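Below is one structure, written out as structure tokens; the observations come after it.
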Amino acid sequence: MENNTNDTGGMGYLDKTANGRGILAWILSTDHKRIGLLYAIVMFSFFAVAVSIGFTMRLALIEPGHKILSAQTYDALFTIHGVIMIFIFIIPSIPAFLGNFFLPILIGAKDVAFPRLNLLSWYVFVIGAVLAMVSLFTGGGPIDTGWTFYVPYSIQTGTNVTLAAFSVFLIGFSSMLTGINFITTIHRYRAPGMKWFRMPLFAWSLYATGWVQILATPVIAITLLLIIAGRVFGIYLFDPASGGDPLLYQHLFWMYSHPAVYIMILPAMGVVTEIIPTFSKKPIFGYTAIAMSSLAIAFFGSLVWGHHMFTSGMSQTAKWLFSLLTFIVAVPSGVKVFNWVASLYGGSIELEPPLLFTFAFIFLFSIGGFTGLMQGALAVDVQVHDTYFVVGHLHYVMFGGTAFALFAGIHYWFPKMFGKMYNKNVAKLALLVMFIGFNTLYFPMFVLGWEGMPRRSYDYLPQFHTGQLISIIGSWILVPGLIIMFANLIYALFKGPKAPANPWGGVTLEWKIPSPPPRENFREIPVITERPYIFNTGAGNE
Amino acid sequence: MLPDASNIASGVDGVLLFIIVTGIIIIGLVTFFMIFFSIKYNKKRHPEPDSVKDSTVLEIVWTVVPIGIVLVMFYLGWKNYKFTQGAPKDAMIVKVTGRQWSWLFTYANGRNSGILELPVGKPVKLDITSADVIHGFFIPAFRIKQDAVPGVVNSIWFIPDKTGTYEIFCTVYCGIGHAHMLSKAVIVPEADFDSWYNARQQVPAQANAAAERGERLIKQYGCTGCHTVDGSPLVGPTYKGLYNSRITVITNGKERTVRANDAYIKLCILDPGVNEVIGFPPHVMPSFKGRLTGRDIKDIIAYLKTLK
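In structure tokens:
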């Protein structure tokens, strides 16, 4: 391993002379690191579009009486915002970008198990994303069903649901292929001596996620095909007029889409679990509990989809069972939070940007979790279901949770990926602005929802005006925060000072190779002799 | 603040309060320890990390205690929900039909209404269904919500226990008029309700009778979900000043100008796809063929004439 550390200087996998020039050297590359970055470029481009849409939607609600956007435009915008954010940004975000880049390195492998399949996944993803955009300008125009495609409305509407549903089908396929790839990689390509319980916890979280991707995604694939069959061939499986059942659609949809929430959040938990030991310079507290809680979340998370349907008319038995299971699935998430905080105890803590992002994640995700418990309680769910409360909750979990963890991970691994360092003070400033903006934007939604404001509304009654205004002002703070953060990173990409191989003093495998990592990651595959996160304080440090 | 106007409301609020208080305590502790540890064990003060061993006891404690807490939450949530099912035998039954984009309330004596009029203090059971896509029937002040699903009747019961007027919303996105699919629940003393309930559907006679009946039909069939009577455009053109005005429409792909006379309005109601008014989204309005009689349409036109 000493050889690996001393191998500094080159541009690693980014080196043009060794890896080929031009765009083809990227889009035909089977290097997991390059593919990870390809995902990042597509994801963040779409993220920028969807943030702009979200910002515009907020602005359109600046006063009651819908004077800025027409109803049809607003309905199309919230649908596109949801489809992009859920299917093109959040679901692939951490696994396809950071997972692709770091999973093989963390377990001491030269690449994923199926490098070509990995590249194919990216192509399928891009084709799906492009088709989603094409669907906006063809057929009946932008879809207006919401990202949930509820029947019978999605079969009845004149907008281009067929193509949009097909594009989501393709993106789901890409997600499944990535899951298969990661699971195989973890089973077959761990370095010698890396037993299961010597794996870094990010790898554990990707392993749990992979199973959810493989087992749940086919369900939505079939469901979306059935919608297409309904629209194109008149096979109305979900239409009561033809003897179908609209609730069947909701069951099938959420049978995927609830586990999908765990596809989104599990890798985020994995990322922060990597960050905390590095900045407290001691092993993670409760390694086994955290690893097992990932599996528990993946398992129980697959059994709670019915909590999206408490008001839809399910049987009483289904209601209490789903409610009970929903409460149970909260426990392993709580266990993780307690272990993260306990890991700080007795440490030697450096408040660098990745750790501060992690703190923001823990706080926002905890609020998302508790508002989730409120919806798990049947009596309360009846009041807040399908209102702004849900909008607030899902943004706390998806944005405050997954996206903040993604940002934490990017700030953590940026010097490793590019061999450059960003300005840490600007990163902290960006976090502060985003944190204030985020809470100003989304917290009022809990109050609005409790008081009854329905979601997906292009207009509202005057009593909701104050809450809406505060929330809109929040969006004016949050977006500049995002811009500062990305500008700081992009500047560092080109002009940032050179980063050492191990700027944070981390001990997992990625910190033992040069920055940026060489094409094959390791000159010689390391042999693992102990658990991860063992800091030989004083000794091993340069 | 949100009023608390049914027998269900206080129970729901109690569960919410319990979860909020628990949440504040736990998130408060988590945040406190994050900040406290960051200060106490900051590298400047504490350059060498301590060796801390994993603790099975701690892991068990913070697994078992949260399980206990969430089971209490589950039980409270279930207990305060369960009783809204299985209505008492003497509950008054009102059939609720959601349509794009209005609510229709049908009472046992056949009376139809666009607003939900109810006597205070009496149990009422709502049989909720939909005529087209899925809607969500929601009265925040009563803490009740139930989806209106086509082909299915979902029931919920409650006792409105304060007089007053309360908002009704649609919570399941149902198309372009979703945000304006509003109505009101009007809770009145029993005597007032009885006189409303037993009143003849229409008493007013002579000249204005037709127009008044037309106005009632317009509300009853939810036309005002898309068409205002005050001149502001909504999903469709306003009714104000509509009668006999000149309108630009697209007929068979060609633009032309027509006068909104009796024949035009009748065609629009029965076969709305023929003429699409410029500036409004196409294919939105449903046909009322078979739902409105010739006399109904005449009365509606009589009403439109009054909106100058």
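Order-wise, the sequence lines are chains A and B.
Just so you know, the first sequence maps onto residues 714 to 1255 in this note's numbering.
Just so you know, the second sequence maps onto residues 27 to 334 in this note's numbering.
Even glycine gets a Cβ: it sits at the ideal position worked out from N, Cα and C.
This one's a predicted model, so the numbers in the text were calculated from it and none came from an experiment.
Chain A contact for residue 157 of chain B (CB, 8 angstroms cutoff): Taking a beta-carbon distance threshold of 8 angstroms, residue 157 of chain B does not count as an interface residue toward chain A.
Below-8 angstroms beta-carbon distance, residue 1024 of chain A vs any chain B residue: yes
C-alpha distance - residue 712 of chain A paired with residue 870 of chain A, whole-angstrom precision: There is simply no residue 712 of chain A to check, as chain A begins at 714 and stops at 1255 in what is shown.
Continuous alpha helix (DSSP H) assignments of at least 4 residues falling wholly in the segment 1097-1145 of chain A: 1101-1110, 1117-1131
Partner residues on chain B for residue 1018 of chain A, Cβ-Cβ distance less than 7 angstroms: The premise fails here: residue 1018 of chain A is roughly 16 angstroms from chain B at the closest Cβ pair, so nothing lies under 7 angstroms.
Closest Cα partner of residue 1143 of chain A within the set A/982, A/1211, A/1194: A/1194
Beta-carbon neighbours of residue 1248 of chain A, restricted to chain C and to distances below 8 angstroms: The structure shown contains no chain C; its protein chains are A and B.
Exposure of residue 1088 of chain A, with buried meaning 16 or more beta-carbon neighbours within 10 Å: buried
Residues bridged to residue 152 of chain B (per DSSP): B/120, B/182
Neighbour-count burial assignment, residue 63 of chain B, 16 or more Cβ in a 10 Å radius: buried
Within 8 angstroms, strictly: CB atoms of residue 856 of chain A and residue 842 of chain A: no
Cβ-Cβ distance between residue 180 of chain B and residue 154 of chain B below 8 angstroms: yes
Residues bridged to residue 301 of chain B [DSSP beta-bridge criterion]: Within the DSSP secondary-structure output, residue 301 of chain B pairs in a beta bridge with B/277.
Entirely enclosed alpha helix (DSSP H) segments - the segment 720-756 of chain A, minimum 4 residues: Counting only runs of 4 or more, we get 729-732, 737-740.
DSSP bridge partner residues for residue 164 of chain B (one or two, in chain order): B/171, B/195
Residue 125 of chain B, DSSP secondary structure in three states: The answer is strand: DSSP assigns residue 125 of chain B an E or B state.
Residue 36 of chain B versus residue 106 of chain B: straight-line alpha-carbon distance, rounded: 9 angstroms
Contacting positions in the segment 182-197 of chain B - beta carbon closer than 8 angstroms to chain A: 193, 195, 196, 197
For residue 1211 of chain A: DSSP bridge partner residues: A/1133
Interface residues of chain A facing residue 69 of chain B [CB-CB closer than 7 angstroms]: Within 7 angstroms Cβ-Cβ: 1061, 1062, 1063.
Beta carbon proximity, residue 801 of chain A to chain B, threshold 8 angstroms: no
Residue-level contact to chain B via CB, residue 1050 of chain A, 8 angstroms cutoff: yes
CB contact check: residue 1013 of chain A to chain B, cutoff 8 angstroms: no
Pair within 8 angstroms by beta-carbon distance, residue 1159 of chain A and residue 1073 of chain A: The Cβ-Cβ distance between residue 1159 of chain A and residue 1073 of chain A does not fall below 8 angstroms.
Per DSSP, cross-strand counterpart(s) of residue 284 of chain B: BP columns for residue 284 of chain B point to B/273.
Closer than 8 angstroms at the beta carbon, the chain B residues around residue 1158 of chain A: Simply none; closest approach about 14 angstroms.
Any chain A beta carbon closer than 8 angstroms to residue 272 of chain B: no
Residue 209 of chain B, enclosing beta strand (DSSP E) - first and last residue: 209-214
Chain A within 8 angstroms of residue 33 of chain B, Cβ atoms only: no
Residues that residue 1062 of chain A bridges to, as DSSP identifies them: B/68
Simplified DSSP assignment, three categories, for residue 142 of chain B: In the structure shown, the three-state DSSP call for residue 142 of chain B is strand.
Reference residue 1038 of chain A, options B/203, B/125, B/104, closest by Cα: B/104
Close-in-space but distant-in-sequence residues of the same chain around residue 333 of chain B (CB under 6 angstroms, 5 per side omitted): Excluding the 5 residues flanking it on each side, residue 333 of chain B has same chain C-beta neighbours closer than 6 angstroms at 255, 265, 266, in chain order.
Cross-chain neighbours of residue 202 of chain B in chain A, by beta carbon under 7 angstroms: 784, 785, 788
Sub-8 angstroms separation of residue 844 of chain A and residue 880 of chain A beta-carbons: yes
Of the listed residues A/790, A/784, A/757, A/749, nearest to residue 767 of chain A (C-alpha basis): A/790
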